[in-house]
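Q: After the structure tokens below, expect a handful of questions from me.
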Amino acid sequence: MSGLDNPYYSDFSANKISEIKYLLDSLDPAKSLEAMKRLCAFSAKGFDVSAVFPQ
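Going by the working numbering, the letters in the sequence shown line up with residues 5 to 59, in that order.
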């Protein structure tokens, strides 16, 4: 199982939003890149990812 078939991407919960925000705020470029990959995957699955970004 890989990519968008992973059960991780089946829902976009508040817990996952917090996790992605934490990764985006990291000074480690690898963690920030992982967060962006996750956001792209959730967006591709049709989830509204705007909650991750401040207004």
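Idealized CB from N, CA, C, for every residue including glycine.
Model, not experiment: these values are computed from the prediction.
I'd like the list of long-range same chain contacts for Glu38, defined as Cβ closer than 7 Å, with 5 residues on each side in sequence excluded.
A: For Glu38, where only same-chain residues beyond five positions count, the Cβ hits under 7 Å are Leu27.
Q: Please state whether DSSP places Ser30 in a helix, a strand or coil.
A: Correct three-state label for Ser30: coil.
Q: Would you tell me roughly how many angstroms separate the C-alpha atoms of Asp9 and Ala45, rounded to the nearest one?
A: Computed Cα separation, rounded: 10 Å.
Q: Which residue from Ser30, Pro33, Lys35 and Arg42 puts its Cα closest to that of Lys20?
A: Ranking the options by Cα distance to Lys20, first place goes to Arg42.
Q: Check Pro11 in the structure and name its three-state DSSP category.
A: Reduced to three states, the DSSP call for Pro11 is helix.
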